[in-house]
Amino acid sequence: MKHLLNPLDFTVEETNRLLDLASDIEKHPDRYAHLCDGKKIATLFYEPSTRTRLSFEAAMMNLGGKALGFSDAANSSASKGETVEDTIRVVSCYADICAMRHPKEGAPYVASLFSRIPIINAGDGGHQHPTQTLADLLTIRSLQGRLDNFTIGFCGDLKFGRTVHSLINALTRYSNIKFILISPPELKVPDYVRDDVLQGFEYEEVTSLEEAMPKLDVLYMTRVQRERFFNEEEYIRMKDSYILDAEKMALAKDNTLVLHPLPRVNEIAPEVDNDPRASYFKQVQYAVYVRMALILTLLDLAPELN
Ligand code: NCD
Numbered sequence: 222m223k224h225l226l227n228p229l230d231f232t233v234e235e236t237n238r239l240l241d242l243a244s245d246i247e248k249h250p251d252r253y254a255h256l257c258d259g260k261k262i263a264t265l266f267y268e269p270s271t272r273t274r275l276s277f278e279a280a281m282m283n284l285g286g287k288a289l290g291f292s293d294a295a296n297s298s299a300s301k302g303e304t305v306e307d308t309i310r311v312v313s314c315y316a317d318i319c320a321m322r323h324p325k326e327g328a329p330y331v332a333s334l335f336s337r338i339p340i341i342n343a344g345d346g347g348h349q350h351p352t353q354t355l356a357d358l359l360t361i362r363s364l365q366g367r368l369d370n371f372t373i374g375f376c377g378d379l380k381f382g383r384t385v386h387s388l389i390n391a392l393t394r395y396s397n398i399k400f401i402l403i404s405p406p407e408l409k410v411p412d413y414v415r416d417d418v419l420q421g422f423e424y425e426e427v428t429s430l431e432e433a434m435p436k437l438d439v440l441y442m443t444r445v446q447r448e449r450f451f452n453e454e455e456y457i458r459m460k461d462s463y464i465l466d467a468e469k470m471a472l473a474k475d476n477t478l479v480l481h482p483l484p485r486v487n488e489i490a491p492e493v494d495n496d497p498r499a500s501y502f503k504q505v506q507y508a509v510y511v512r513m514a515l516i517l518t519l520l521d522l523a524p525e526l527n
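Here it is in structure tokens:
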């Protein structure tokens with residue numbers, strides 16, 4: 222049985238096959254409408270979410286299946302002290318596949334050790350978010366036509382942003398990617414990302430978004446992750462470090478893709494939304510296709526593509 226806990230759990234070939242499947246789903250949704258008839262996904266969300274949980278549920282419904290779960294740990298038996306181990310043993314009796322989001326790093330991994338159904342990590346603390354990464358890869362590949370030979374800037378909270386950690390991880394497996402890491406000194410990527418994941422790759426750590434703008438083929442904006450700060454004052458000091466607006470967009474290339482995993486708070490001004498380079502709402506749609514492809518793959522129901 223296969224789980225998806227980390228973006229590297231799939232080989233590059235498996236990842237590319239999954240993206241091909243997602244693109245085929247985009248073209249021919251009707252062919253996929255009943256492949257999961259009678260199947261159920263459990264969405265166990267111990268942390269807030271709009272997109273990730275709803276897109277997993279929409280993905281399963283688009284495939285003909287159903288969804289059940291909880292969206293708040295306070296409404297689950299976790300509030301009575303039940304462990305993740307026991308919860309997943311129980312949920313294995315109700316559903317065929319499970320997407321779990323948890324504030325503790327590694328919780329979906331623990332669940333996978335006790336589960337009888339595939340577990341998908343839908344975000345674990347400040348650690349990883351592999352399905353957002355699949356959505357990001359599909360968006361870049363679909364809109365830019367390739368997953369190699371480009372410069373990507375990550376901007377904002379690179380310390381706590383799990384989407385950043387996962388996407389950097391995944392992109393190191395494609396060729397000739399340059400990374401520009403744009404953040405205040407306090408919110409730089411964790412040491413393991415710099416000293417381990419990025420070792421041997423071309424990267425620079427900078428503080429100025431303006432200076433980086435003209436070099437970027439992809440700009441990945443992120444929210445300052447309030448819920449991971451130890452103190453509110455520090456969050457308030459950091460929260461508006463970067464605000465992407467029309468003036469900064471004027472410094473970018475004509476075909477730079479602007480991505481954001483969402484939710485945004487202040488870091489992208491609404492005036493940017495109408496810029497044809499703003500691709501963050503398209504990213505939301507690609508995420509549904511990629512989660513459909515992932516569900517089919519983990520349930521061993523993916524058809525062969527010609
Ligand atoms: C992200 C997350 O939960 O890490 N949201 C998402 O799933 N699209 C990003 C964020 O919360 O800032």
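Numbering (our numbering), first residue to last: 222 to 527. Backbone N, C-alpha and C define an ideal beta-carbon position, used for all residues, glycine too. Keep in mind the model is a prediction, meaning the values are calculated, not measured.
Check each residue's C-beta against every heavy atom of the ligand NCD and list, in chain order, those closer than 7 Å. 270, 272, 273, 344, 350, 353, 382, 383, 384, 443, 444, 446, 482, 483 and 484
What three-state label does DSSP hand residue 253 in the structure shown? helix
For residue 494 and residue 317, the rounded distance between their alpha carbons: 38 Å
Three-state class that DSSP yields for residue 384 in the structure shown: helix
Taking only runs of the alpha helix (DSSP H) that begin and end inside the stretch 317–376, which ones reach a length of at least 4 residues, in chain order? 328–335 and 351–365
Would you say the stretch 288–302 touches the stretch 262–270, given that touching needs at least three Cβ pairs under 8 Å? yes
For residue 263, list the residues DSSP reports as bridge partners. Answer is 289 and 319.
Would you check if the distance between the CB atom of residue 507 and the CB atom of residue 387 is smaller than 8 Å? no
Residue 400 (DSSP reduced to helix, strand or coil): strand
CA nearest to the CA of residue 435, picked from 478, 395 and 510: 478
Under a Cβ-count criterion, where at least 16 other Cβ atoms within 10 Å of its own Cβ denotes burial, should residue 348 be classed as buried or exposed? buried
In angstroms with no decimal places, state the Cα-to-Cα distance between residue 307 and residue 313. 10 Å
Determine the burial state of residue 404: buried for a count of at least 16 other Cβ atoms within 10 Å of its Cβ, exposed for fewer. Classification for residue 404: buried.
Given a cut-off of 8 Å, decide if residue 481 and residue 340 are closer than it, judged by their beta-carbon atoms. Not in contact: residue 340 and residue 481 (Cβ atoms no closer than 8 Å).
So what's residue 426 in DSSP terms, helix, strand or just coil? strand
Tell whether a beta-carbon distance below 8 Å holds between residue 401 and residue 371. no
Beta-carbon proximity of residue 441 to residue 450, cut-off 8 Å: no
Assuming residue 350 contacts residue 268 (C-beta within less than 8 Å), just tell me the rounded distance between them. No, residue 350 and residue 268 are not in contact; Cβ-Cβ is about 11 Å, not under 8 Å.
Thinking C-beta only, is residue 258 closer than 8 Å to residue 302? no
Buried or exposed: which applies to residue 527, given that a residue is buried once 16 or more other Cβ atoms fall within 10 Å of its Cβ? Burial check for residue 527: the Cβ neighbour count within 10 Å stays below 16, so the residue is exposed.
Please report the Cβ distance between residue 243 and residue 510, rounded to the nearest whole angstrom; I am assuming they are in contact, meaning their Cβ atoms lie under 8 Å. Separation of the CB atoms of residue 243 and residue 510 is rounded to 4 Å, and the pair is thereby assigned contact status at 8 Å.
Hey, quick one: how far does the alpha helix (DSSP H) through residue 395 stretch, first residue to last? From DSSP, residue 395 is part of no alpha helix (DSSP H); its letter is neither H nor E.
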